[in-house]
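Per the numbering used here, residue 199 is the first one in the sequence shown, and the count goes up by one each step.
Glycine included, each C-beta is placed from N, C-alpha and C at the ideal position.
Here the structure comes first, spelled out in structure tokens, and everything after it is commentary.
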Amino acid sequence: MSGAHYEELAVTYGTMDALATELGDQARKLEEDLEALRQAVLNVSSGWGGEAFQQFQSKSEEWNKHARGIHAALLQISHQVHGAGGDYRGGDLKGASYFM
């Protein structure tokens with residue numbers, strides 16, 4: 199592991215909070231983008247009919263389900279990172295107390 203950049207792996211209170219915020223922001227942006235895409239597809243598909251439209255609807259529902267799963271995962275990760283930041287701070291303060 200020679201030449202490793204340990205400072206790039208450093209965890210601070212601020213980086214944990216910033217990461218949790220960024221993940222939450224990305225989840226919200228993803229949801230906004232997906233909604234805009236859904237609206238655009240609905241506008242285009244409003245005149246469709248027949249078997250092709252039914253197949254499209256089926257695939258669209260499947261795609262939307264997966265997209266919602268990604269969105270939910272980002273929110274869950276954001277929540278977990280936020281909680282881990284508090285745990286990290288608690289552990290750090292506990293460790294510091296041993297030196298006082």
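Through-space distance from residue j to residue i, alpha-carbon basis
i	j	result
GLU249	TYR286	55 Å
ASP290	MET214	13 Å
LEU217	TRP261	27 Å
LYS292	GLN278	21 Å
GLY283	ALA294	16 Å
LEU232	PHE297	51 Å
ASP223	HIS280	13 Å
PHE254	LYS227	25 Å
GLY212	ASN241	43 Å
ALA265	GLU220	18 Å
ALA208	GLY288	17 Å
Close beta carbons around residue i, own chain, < 8 Å, minus the five adjacent residues each side
i	result
ALA225	HIS269, LEU272, LEU273 and SER276
MET199	A caution first: MET199 carries a pLDDT of 46, below 50, which makes its placement in the model unreliable, though a value can still be read off. Cβ neighbours of MET199 beyond the five flanking positions: none.
PHE251	SER243
For residue i, the first and last residue of its enclosing alpha helix (DSSP H)
i	result
MET214	211-243
PHE254	248-295
CB-CB length for residue i against residue j, believed under 8 Å
i	j	result
SER256	VAL239	About 14 Å separates the two Cβ atoms, so there is no contact after all.
Spatial neighbours of residue i in its chain, beta-carbon cut-off 6 Å, leaving aside the 5 residues before and after
i	result
LEU235	none
TRP246	none
GLY267	none
Residues near residue i by beta carbon distance below 7 Å, same chain, minus five either side
i	result
THR210	none
GLU229	HIS269
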